[in-house]
Structure formats: C-alpha cells, structure tokens
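Right, one structure below, let's go through it.
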Amino acid sequence: MCRDIYEGLASGEKQEPLGADAFLPALTEELIWSPDIGETQLDVEFLMELLDPEELLGEVGYYLTTWFGALHHIAHHQPEAGRAPQELSSEASASLSQWHRRRTLQGQGHSRPQADLPFEEPWEIQTGPRDQ
C-alpha cells in the first residue's frame, strides 16, 4: 500500500522528490476510506510489539511509525480544534516513550518489561483518570 501511495503521488504533474510531507496526508486519507481500518490497527499493534528492534530500522520502521501516526491522528481528530498542533500530544508522546522503553528492556534481556509497562493503544481516547 505504501509504495502504491508513493507511485500515485509521483505520477502527478510535479516531478519533485516526495517526502513525509506528502506521504503522511495521503496515507491518512487512504486509511480513512479503507474498509479494513480495524484490521490495520491490529496489524500495527502486532508489528510494533513483536518485531525485533533491528527490523524497525530503515524503510520498515519508517512505514510502521508513519502508519502509527496516521492511525493516531485519525482516532484523535478534532475538527473543531482548528489548526493541528505542531508537536505530539502528551498521550501520544507517553505511548511512544513506553513502547520505546519496552523495546529497549526487551533488547537488553530483561524478563519483566510487560509487568512494568502496560500496552496503551494509540487510538483509544481516555475520558477520565486511569487507575494505576
């Protein structure tokens, strides 16, 4: 799907190199119109948790984190809020930090990262304080 989006963007009138500024909005729109967005969320969750950190480098990591960001944006879109923020929300930042810490602990061979750091789905909207 990602390569199809890049090819579609490249077939336009402009022959400029394409980057994330063009790709992320196109991926987000494609996901919004996809009838399989629920399955896509599960796939992203599965891959973020189970792939080895080395497999997340380069192209694979770029596409997976872009999908994560697009799904997060779709789940938290608030049209009445006006212009999009220029940085990650505190919830998205905390979720990515926890994911990174779990991956780091897993790579170091620690046996209990899951007990200390529960998985938080990026597309869930918290409506109240969480019990810890």
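When the letters of the sequence shown are read in order and numbered with this note's numbering, they come out as residues 40 to 171.
We treat Cβ as the ideally placed atom computed from N, Cα and C, and that holds for glycine.
Since the model is a prediction, treat every value here as computed from it, not as a measurement.
State the DSSP-derived secondary structure class of residue i, mapped to helix, strand or coil.
i	result
Asp-64	The residue asked about is misnamed: residue 64 is Pro in this sequence, not Asp. Correct three-state label for Pro-64: helix.
Leu-70	helix
Leu-89	helix
Asp-75	coil
Assign residue i to buried or exposed, taking buried as 16 or more other Cβ atoms, counted over all protein chains shown, within 10 Å of its Cβ.
i	result
Leu-66	buried
Leu-89	exposed
Gln-153	The predicted position of Gln-153 is uncertain, since its pLDDT is 49 and thus under 50; no value can be drawn from it.
Ser-73	exposed
Ala-109	buried
In the DSSP assignment, find the unbroken alpha helix (DSSP H) run with residue i in it and report its ends.
i	result
His-111	97-114
Beta-carbon within less than 8 Å of residue i's beta-carbon, same chain only, minus the 5 sequence neighbours each way: which residues are those?
i	result
Leu-86	Leu-103
Val-99	Leu-90
Ala-44	The question names Ala, yet the displayed sequence has Ile at residue 44. Answer for Ile-44: Phe-62, Ala-65, Leu-66, Glu-69, listed in chain order.
Ile-113	Thr-67, Leu-70, Ile-71, Ile-76, Trp-162
Please work out which residues of its chain come closer than 7 Å, Cβ to Cβ, to residue i, disregarding the five sequence neighbours upstream and downstream, and give them in chain order.
i	result
Leu-95	Leu-103
Ser-129	none
Ile-76	Leu-70
Does the ligand SAH have even one heavy atom less than 8 Å from the beta-carbon of residue i?
i	result
Leu-110	Among the ligands in the structure shown, none appear at all, so the ligand SAH cannot be discussed.
Pairs of beta-carbons, one from the segment 104-114 and one from the segment 60-69, closer than 8 Å: are there three or more?
yes
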